[in-house]
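Those letters in the sequence shown? Residues 1 to 128, by full-length UniProt numbering.
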Amino acid sequence: MACLLLTNCHSLAHKARTELIGLTRPELLSCAGVPDADETRDGQEVLVWKQDQNVDGGVSVSTPFLIGVSIAGRGTCHFVATLRDGKVSRVSYTGPSQTLYGPLAACEPLIRDCEKYARTERASAVSQ
Numbered sequence: 001m002a003c004l005l006l007t008n009c010h011s012l013a014h015k016a017r018t019e020l021i022g023l024t025r026p027e028l029l030s031c032a033g034v035p036d037a038d039e040t041r042d043g044q045e046v047l048v049w050k051q052d053q054n055v056d057g058g059v060s061v062s063t064p065f066l067i068g069v070s071i072a073g074r075g076t077c078h079f080v081a082t083l084r085d086g087k088v089s090r091v092s093y094t095g096p097s098q099t100l101y102g103p104l105a106a107c108e109p110l111i112r113d114c115e116k117y118a119r120t121e122r123a124s125a126v127s128q
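Structure below.
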């Protein structure tokens, strides 16, 4: 199960790096919300969303003999989208993340809705 979750979280953030390319600024804001920071320079706009609360990614096992084992990790994530001509041209992530579910697992809450939106919008555009 943990392996499945590890693969899912890891691949979701990696998929978003390509699937969000081409989203318009209004589409990005509608699925990610208002960014925590933004800056425009040299014709590019950089938007940043921050997940600074530690995201736990651990497993605890207890026994009847008051012996327990805990494998833990914590992580934060900053989701950075670069826009050129009003469309996403690059997606990157920063922040320390050492969760059991992978190095980008803390980023999943920030990009989950946008990745789903991009995937379903492209699928519906192809079927029309």
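Note that CB positions come from ideal geometry on N, CA and C, so glycine has one too.
Boundaries (first-last residue) of the beta strand (DSSP E) holding residue i
| i | result |
| --- | --- |
| A105 | Element bounds for A105: n/a, residue is neither H nor E. |
| T94 | K87 to T94 |
Beta-carbon spacing of residue i, residue j below 8 Å
| i | j | result |
| --- | --- | --- |
| L20 | E108 | no |
| S89 | V80 | no |
| A32 | G75 | no |
| G22 | K87 | yes |
| E45 | Y117 | no |
| R112 | L12 | yes |
| H78 | V48 | yes |
Buried or exposed (CB count within 10 angstroms, at least 16 for buried), residue i
| i | result |
| --- | --- |
| Q51 | buried |
| A2 | Low confidence applies here, because A2 scores a pLDDT of 44, under 50, leaving its location unreliable; read the following figure in that light. With fewer than 16 Cβ atoms within 10 Å of its Cβ, A2 is classed as exposed. |
| N8 | For N8, the pLDDT reaches just 48, beneath the cut-off of 50, and the residue's location in the model is therefore unreliable, although a value from the coordinates is still provided. Label assigned to N8: exposed. |
| G102 | buried |
| A37 | exposed |
| L4 | For L4, the pLDDT reaches just 43, beneath the cut-off of 50, and the residue's location in the model is therefore unreliable, leaving the point undetermined. |
First and last residue of the uninterrupted alpha helix (DSSP H) at residue i
| i | result |
| --- | --- |
| P35 | Unbroken run through P35: none, as it is neither H nor E. |
Rounded distance between the beta-carbons of residue j and residue i, thought under 8 Å
| i | j | result |
| --- | --- | --- |
| R25 | L83 | 6 Å |
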